[in-house]
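Chains A, B, C and D, in that order, give the protein sequences.
First residue of the first sequence? That's 23 in our numbering, and the numbers climb one at a time after it.
First residue of the second sequence? That's 6 in our numbering, and the numbers climb one at a time after it.
First residue of the third sequence? That's 385 in our numbering, and the numbers climb one at a time after it.
First residue of the fourth sequence? That's 432 in our numbering, and the numbers climb one at a time after it.
We treat Cβ as the ideally placed atom computed from N, Cα and C, and that holds for glycine.
Here the structure is a predicted model, which means the values were calculated and not measured.
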Amino acid sequence: MPGDNNQRETGPILKIEGLNKSFGGLQAVLDFSLSLETGELKGLIGPNGAGKTTVFHLITGFHKPNSGRVVFKGINITAQSPNRVTKLGIARTFQKIRMLENIKVIDAMKTAFYLQKPYNVLDVLFQTPKYGREERQLEEKALEFLTFFGIAHLANDLGSDLPYGLQRRVGIARALALSPELLLLDEPTSGLNTVETDELVEIILEIKDKFGLSIILVEHDMRVIMDKGICDSIVVMHQGAVITEGTCEELQEDERVIEAYLGAGVA
Amino acid sequence: MKRLGFLLLVFVMAGSVALFGADKEPIRIGMIASITGDAAEMGIEFMESVLVAVDLINSRGGIHGYPLSVSIVDGQSDPAAFALKAHRLIDNIKVIAGFGACDISFATAAGEVFQAKKTVFTDIAGTTPTIPLVGDYMFMTPIPDNDQGRAVAMYINDVLGYKKTTIFKDIASAYGTKLTEYYIHFLKEFSDDPNPVPLVVTYETFDEDFSPQLTRIKAQAEKLGLEAIVLPTWPRDAPTIAVQARALGIDLAFIGTDGVDTTALIDVGGDSVEGMVYATHYDPSIPGQPQICLDYVEEFRARYDYDPGAFGTMAYDSLMIMVEAVKAVIDEKGEAWWDSAGLADKRTATRDKVATMTFQWTSQAFSFTPEGWPRRALVWRVVENGERVFYDFQSYEDYTPEGVETLPFK
Amino acid sequence: MRVREGFTAVARYPIGIGLVVLVLFLLDRSLPGFWLTLFLLFGINTILAVSLNITNGWANLFSIGHGGIMLAGGYAAALFTLPVFFKVDIIGLHLPGWILNVQIPFLPALLLGGVVGSIVGILLALPALRLRGIYFILVTLGFNLIMVSIAENLPNYTNGAMGLRQFPLYTNVWWVWGIAFLVIYIALRLRKSYIGRAFIAIGRDQELAEHMGINLLKYKIYAFGLSTFFTAIGGILWVHLILNLFPNAFSLALVFHVVTMIVIGGMGSVSGAVIGAAIITGFTEVLAPIEEGFQVFGVQVPHLFGLTTLLLAVVLILILILRPQGIMGEGEFSLQGLRKRLSRSKAE
Amino acid sequence: MTYFIQQMLNGVCWGSILAMLGAGYTMTFGIIGLVNFAHGEIFMAGAFAAYFALHVAGLPFGVAAVLGILGAIAIGLLVERIAFRPVRGSGMITLFITSFAASIGIRTLFVMLFTDRAKPFSMPAFLKGAYLIGDLFIFKKTIAVVIVLVVVGALLMYLVKKTKTGIAMRAMSYDSETAQSMGINTEKIIIITFIIASALAGVAAIMWGVSYGRIRSSMGMMPVVDAFIASVIGGLGNVFGAIVGGLILGIGETLFVAYLPPELIGLRTLFVWIVLFIIIIVKPSGLFRANVK
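And the structure:
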């Protein structure tokens, strides 16, 4: 790790300063800044194409920013590769559900325990007792997670064959299995009906407490966030830039937010 | 239609085998050739040739009344297949002897198996001199590259009188590479010229366009004083090179080696190969060939409507080597011994005959050196009025005078 | 199942291994030359297919360049296993004395060739790993052709197109199947560990895998290194069975045979690779008598050389149409699974 | 200078054939995502059809050329029927393998029927000979080949860019599902693509026969790899790119042979691939943007 990452800073768990990203001529993210306290649940909303998912890509290192800084737990993680970022404790879900094709749910969960590497290659090849013990433990832990999400009975089904709502849960369970401190949820309720949405919101609140997570929740449908009022604070993005930040109540009054959404609606 | 006729003949052949009656067990000989795959071009000519020869022998009463049965298997131009089929010929079909292959890798793949099972094997058209090193059961029918390189160098230097030549070297073929090496080596020796081949151009098997190489030759021909282009190539390449060379206005003479002697030379080469002199193994008008060989050529022509080239004749020779050896074994030990002897004994006896006798039924009388190389004459043919005709004859003694270093390896 | 559980894991292995050794011993003694060679080629193809499956099946690095790896490993080992007189007196290679004047036993030669194959494989992989899909295929295809070209053009070290012969016949049932079982074992074990799961995750969804904390480059190199190590060893075994090595020995056709094996067997399945190897190895050889012509009721059926190759092509297309996931899909063969399936079909 | 120009002409002749093959190759890839390894056999079949018309039936060259193209189309449609349609949508690798199997199958069948011997392919009288400018030979056949390339290339470009079918093809190359939902008859476009690509292979076969005077059953094996390279150089899916790629490759190969020291000519494969590797790694989309045509 390069030396400049070692300078520790105190304060928020995640701090983003002046992030810029353009693709070709298109400015996807413009001078984006954000600060997230430990244990906070922040909403990130904005109309389609506002650059929310790009922000996630920039945090996790999937895209490299043109300028700006991302600091996580006091460590500069700007432009680190996704696997490093994940290792440091940031997990994310995807808006378009990604299931490992033809893989059982339980195996997908075990894959997500990759980072734990409780045994080494020799243990595998010689089938040491340690390997057996640890594999069993992984399986139990995976089942625990699945039970928590109410899908333990589906452990041996193929992830890609599950209904949409359940796939969302597997996705979040899989992210949790990486034992993150910061969870980035990318439109977790999109494509779900109201009942499923309610259930999922419940789960999100539950895991936040249980695992002591900080969460950023991206949502383009304003009502999900506004109506439930689950977010501690909300950042509103439009055309790649932050236009305002505040609590639910504050934002409901804010003209700029309405304009952004209406403008998008008209376009 | 020709194809259909061919199939019918195979049926007739089956009938002729049936005529012999059941009292004499047929003498089984195996042939492995690449009838499909990259080297299919030559394998098919082997097969056609051997089918004619087998018919001929059986129509004359077989070998001492024993019908001859040749099992032809396809090596698919893959050495692993050659090894496998060699096992099958030896273990399942129980052949007395085998022959086949057209390249050192195929020949040795099969030869190693034959050697291990102590069964004699003759390579049809692989000419790399290291082939017989597989062991004492391995022989080769065609003139090895070192001998041919020497003979061609000698002929070009002494008879044709070209001082400077250029050569097309196929770096993907053992034949082209090795022959080029030997040719240059011996030409230096015979001509007392330190650089008799000032330009060697290379290409690779499957190339179609030789005009870049030819343009290069053309540009340097005058400066280097080139007089002839030597073409030690697979059958398909020499005529194409000739056509493209003439089209580019190159009027150097062409000299071919035994790889070019097929119908494709005239079919593809047309006017461009007119006057081309090339070394080969056979011509119907060479002196001292047996009647059976003339009959074979006649039958071959009648059946397939073209002359057997070097490849067909080599297959015929390889078969005849085995047939004559088996006949000599029966001559010597009697039919009673043949009927009662074990397979291993018959195989060893056949090998011993192959190693020591002089063959009379082959296209020319010849014998093997103790190492397994043939001592045979090189025939020169020329293309005249669109026909391949006899040009000259170099006996083994002619191109291997006393004191010349034969340089078998390296 | 009750009885089985009586054995401890420690006791079960020796019995299984003992049985396998006994079977191999009997086969080695009783099989006639043809079938033995076929059995050995089946073993070599198993090694090639299972190791190719690691890159092509699991990690989705679809390589058709493994022929070049076999060539590199094959030549590296061959230069050391060839008899000294052949290298020095007969073909006269221009090599440093420490290569020219030694002949080493098979095991170190195998390891050496495997390591060289691995190194060459990783050198190929490093620039190629940035590419995806068709571009990766193209680069590996080119790699194959380049290796052939290099082997042809360095006659001082490789003897060029003339190739190398006179190898000692090292390859036998024990080497081939010992290594084949080792590869199968390693593959099956890895599959059930975080390493294998990382390979498969990369193969299925590279970006997701990266977001699971998997270091793509590292694991791709692992996959390539492991696969090419055993591929090179497979090549060396082939060389010391067929006793031949020349630039075109492991052409594209051979690579496609191996690819066909894993596709027929089911990409990603180790047992599928073994089944595919059995089918492809046996197919043309077992059916060969058909194309060679035979007699039925006194009527001679004529030669139809090429028929088996044609049939193989047809069968391959039919399998891909009727069962695109291959025979095993991505599953593995297991006695329990078979029993389950049997009892289910009985119940129906 | 004469030497250089002569070599360039050699390269252009060879490159034009590769360009013609590459253009067909790139179309099947760009529009339906098939890496068609059987393209070489379609090409070979075209050459055989023309050969039979010319040498067995004794038909005039023009008729033989048309029959050659029709022959290529027939085999192309056969490949579509047996190796593409039944496995459509099962991913690039599967298609790649079925097309390879089709390639082996067709080639083996031709070897079984017609052997692998070289067969003469005589060029018509009006293409024989050359114009001499000083020492420079400008072959009539080279001129003809280049004219054919330019004309066919222009027609192709017009078809892809301006016609309704071409627009539909381009739509499919971006996203076949969306194209279907927009009311494009994808079945029809696939068939048309195969017909055009095969016809291009047929034209290439005639160009080949005229240029090199011989054909054989396994002639498609190597050029298909070159066509593959040509289409990648030009950006897979881009017809114009493939034509330029083919010319670059042909001229490049020729110049390697022309200027490398003789003992290194054998390494030209290596040089060609190294150049290609550099292009792929530096600019994976090829010299021209893929998917635009």
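What are the residues that DSSP puts in a beta bridge with aspartate 312 of chain B? Taking the second sequence and counting its residues from 1, one reaches residue 312 of chain B at position 307. Note: aspartate 312 of chain B sits in no beta bridge, so no partner.
Exercise. So, does the CB of isoleucine 125 of chain A fall closer than 9 angstroms to a CB anywhere in chain C?
Worked result: The sequence position of residue 125 of chain A within the first sequence is 103, counting from 1. Yes, isoleucine 125 of chain A counts as interfacial toward chain C.
Residues of chain C with CB under 8 angstroms from leucine 521 of chain D, in chain order?
Position 90 of the fourth sequence, counted from the first residue, corresponds to residue 521 of chain D. The sequence given here places serine at residue 521 of chain D; leucine does not occur at that position. Residues of chain C passing the Cβ test: Leu704, Pro708.
- Neighbour list for arginine 337 of chain C in chain B, Cβ cutoff strictly below 7 angstroms: Residue coverage of chain C in this structure runs from 385 to 732, which leaves residue 337 of chain C outside it and unanswerable.
Report the rounded CA-to-CA distance for alanine 495 of chain D versus tryptophan 639 of chain D, giving the unit in angstroms. Numbered from 1 along the fourth sequence, position 64 holds the residue referred to as residue 495 of chain D. Numbered from 1 along the fourth sequence, position 208 holds the residue referred to as residue 639 of chain D. Approximately 14 angstroms between the Cα atoms of the pair.
**Asked** To the nearest angstrom, how far is it from the Cα of valine 567 of chain C to the Cα of glutamine 153 of chain B?
**Response** Position 183 of the third sequence, counted from the first residue, corresponds to residue 567 of chain C. Position 148 of the second sequence, counted from the first residue, corresponds to residue 153 of chain B. Rounded to the nearest angstrom, the two C-alpha atoms are 48 angstroms apart.
inquiry  = I want to see whether chain A comes within less than 9 angstroms of lysine 576 of chain C, judged by CB atoms only; does it?
reply    = Position 192 of the third sequence, counting from 1, holds the residue named residue 576 of chain C. Yes, lysine 576 of chain C counts as interfacial toward chain A.
Using DSSP's beta-bridge definition, name the partner residues of histidine 260 of chain A.
If you number the first sequence from 1, residue 260 of chain A lands on position 238. Paired residue(s): A/Ala263.
In DSSP terms, what aspartate 53 of chain A is bridged to: Start at 1 with the first residue of the first sequence, and residue 53 of chain A comes out as number 31. Partner(s): none; aspartate 53 of chain A has no beta bridge.
query: Cβ atoms of methionine 362 of chain B and threonine 127 of chain B: under 9 angstroms apart, would you say?
result: Against the second sequence, residue 127 of chain B aligns to sequence position 122. Against the second sequence, residue 362 of chain B aligns to sequence position 357. In this structure, methionine 362 of chain B does not lie closer than 9 angstroms to threonine 127 of chain B by Cβ.
Inset, instruction - Please confirm if the region 618 to 637 of chain C is in contact with the region 423 to 441 of chain C, defined as three or more CB-CB distances below 8 angstroms between the two stretches. - result: yes
- request: Compute the distance between the beta-carbons of isoleucine 596 of chain C and tyrosine 136 of chain A, then report whether it is under 9 angstroms.
  value: Stepping through the third sequence from its first residue, residue 596 of chain C is reached at position 212. Stepping through the first sequence from its first residue, residue 136 of chain A is reached at position 114. Residue identity differs from the one stated: residue 596 of chain C is methionine in this sequence, not isoleucine. Cβ distance < 9 angstroms, so methionine 596 of chain C and tyrosine 136 of chain A count as in contact.
Decide yes or no for the touch test of the region 224 to 238 of chain B against the region 360 to 377 of chain B: beta carbon pairs closer than 8 angstroms, at least 3 of them. no
**Message:** For the region 174 to 188 of chain A against the region 121 to 141 of chain A, do three or more pairs of beta-carbon atoms, one drawn from each stretch, fall closer than 8 angstroms, so that the two count as touching?
**Reply:** yes
- Message: To be precise: take each residue of the region 593 to 614 of chain C, compare its Cβ to all Cβ atoms of chain B, and keep it if any distance is under 9 angstroms. Which residues remain?
- Response: none
Practice prompt. State yes or no: is the C-beta of valine 670 of chain D within less than 9 angstroms of the C-beta of glycine 461 of chain D?
Written response: Within the fourth sequence, residue 670 of chain D is the residue found at index 239, counting from 1. Within the fourth sequence, residue 461 of chain D is the residue found at index 30, counting from 1. Against a cut-off of 9 angstroms, the Cβ pair of glycine 461 of chain D and valine 670 of chain D comes out as a contact.
- Of the residues D/Thr525, D/Glu684, D/Met432, which one's Cα is nearest the Cα of glycine 710 of chain C? The residue you call residue 710 of chain C lines up with position 326 of the third sequence. Checked all of D/Thr525, D/Glu684, D/Met432; the closest Cα to glycine 710 of chain C is D/Thr525.
Residues, ordered as in the chain, of the region 480 to 504 of chain D that lie near chain B by beta-carbon distance below 9 angstroms: none
#### Entry: Under 7 angstroms from the C-beta of lysine 139 of chain A: neighbouring residues of chain C
Here the question's residue 139 of chain A lines up with position 117 in the first sequence. Per Cβ cutoff of 7 angstroms: Tyr578.
Problem set entry | C-beta atoms of proline 84 of chain B and alanine 607 of chain C nearer than 9 angstroms | Indexing the second sequence from 1 puts residue 84 of chain B at position 79. Indexing the third sequence from 1 puts residue 607 of chain C at position 223. It is not a contact, given that the beta carbons lie outside the stated cut-off.
Within 9 angstroms (strictly less), CB to CB, does threonine 459 of chain D reach chain C?
Along the fourth sequence, one-based indexing puts residue 459 of chain D at 28. By this cut-off, threonine 459 of chain D is not an interface position.
- [ ] Could you pull the start and end residues of the alpha helix (DSSP H) that leucine 599 of chain D belongs to?
- [x] Numbered from 1 along the fourth sequence, position 168 holds the residue referred to as residue 599 of chain D. For clarity, residue 599 of chain D is alanine in the given sequence; the question names leucine instead. Looking at the DSSP string, the run of the alpha helix (DSSP H) that includes alanine 599 of chain D is 595 to 605.
Contained beta strand (DSSP E) runs [length at least 3] in the region 639 to 720 of chain C, N- to C-terminal order: 678 to 680, 683 to 685
Member of C/Ser655, C/Leu507, C/Phe469 whose CA lies at the smallest distance from the CA of threonine 612 of chain C:
If you number the third sequence from 1, residue 612 of chain C lands on position 228. The option with the nearest alpha carbon to threonine 612 of chain C is C/Leu507.
ask   = Looking at chain D, which residues of the region 239 to 253 of chain B have a Cβ within less than 8 angstroms of any of its Cβ atoms?
value = Pro240, Arg241, Pro244, Thr245, Val248, Gln249, Ala252, Leu253
key: Residues of its chain near tyrosine 167 of chain B, where Cβ-Cβ distance is below 6 angstroms and the 5 sequence neighbours each way are ignored   = Here the question's residue 167 of chain B lines up with position 162 in the second sequence. Within the same chain, tyrosine 167 of chain B has close Cβ partners Ile161, Glu232, Ala233.
**Q.** Listed by chain order, chain D residues near glutamine 218 of chain B by CB distance under 7 angstroms
**A.** The sequence position of residue 218 of chain B within the second sequence is 213, counting from 1. By Cβ distance, chain D contributes Val688.
Worksheet item: Is glycine 26 of chain B buried or exposed, if buried means 16 or more other CB atoms sit within 10 Å of its CB?
Response: The count along the second sequence starts at 1 and reaches residue 26 of chain B at position 21. Interpretation of glycine 26 of chain B is limited by its pLDDT of 49, a score under 50 that renders its predicted location unreliable; the figure taken from the coordinates is listed afterwards. Per the 10 Å Cβ criterion, exposed.
Subject >> Contact under 9 angstroms by Cβ, glycine 677 of chain D with isoleucine 448 of chain D >> reply: Locating residue 677 of chain D in the fourth sequence gives position 246, where the first residue counts as 1. Locating residue 448 of chain D in the fourth sequence gives position 17, where the first residue counts as 1. Contact: yes.
- request: Report the rounded CA-to-CA distance for valine 22 of chain B versus serine 662 of chain D, giving the unit in angstroms.
  value: By one-based count along the second sequence, residue 22 of chain B stands at place 17. By one-based count along the fourth sequence, residue 662 of chain D stands at place 231. Residue placement at valine 22 of chain B is flagged as unreliable, the pLDDT there being 49, under the threshold of 50; a coordinate-derived value is accordingly withheld.
Quick check: tyrosine 71 of chain B and lysine 29 of chain B, are their CB atoms within less than 9 angstroms of each other? The residue labelled residue 71 of chain B in the question sits at position 66 within the second sequence. The residue labelled residue 29 of chain B in the question sits at position 24 within the second sequence. Cβ atoms of tyrosine 71 of chain B and lysine 29 of chain B: closer than 9 angstroms.
Discussion item. With distance defined between alpha-carbon atoms, name the residue in B/Phe87, B/Val164, B/Gly377, B/Pro203 nearest to threonine 140 of chain B.
Written reply: What you label residue 140 of chain B is simply residue 135 of the second sequence in a count that begins at 1. Strictly speaking, residue 140 of chain B in this sequence is glycine, with threonine absent from that position. The option with the nearest alpha carbon to glycine 140 of chain B is B/Gly377.
* If the cut is a Cβ gap below 7 angstroms, which residues of chain B does proline 416 of chain C touch? -> The residue labelled residue 416 of chain C in the question sits at position 32 within the third sequence. Simply Asp96.
If the cut is a Cβ gap below 7 angstroms, which residues of chain D does valine 206 of chain B touch? The residue given as residue 206 of chain B occupies position 201 in the second sequence. By Cβ distance, chain D contributes Pro693, Ile696.
In angstroms, rounded to a whole number, what distance separates the CA positions of lysine 250 of chain A and threonine 644 of chain C? Counting from one through the first sequence, the residue named residue 250 of chain A turns up at place 228. Counting from one through the third sequence, the residue named residue 644 of chain C turns up at place 260. Computed Cα separation, rounded: 55 angstroms.
- In three-state DSSP terms, what is tyrosine 690 of chain D? To locate residue 690 of chain D, count along the fourth sequence from 1; it is residue 259. Helix at tyrosine 690 of chain D.
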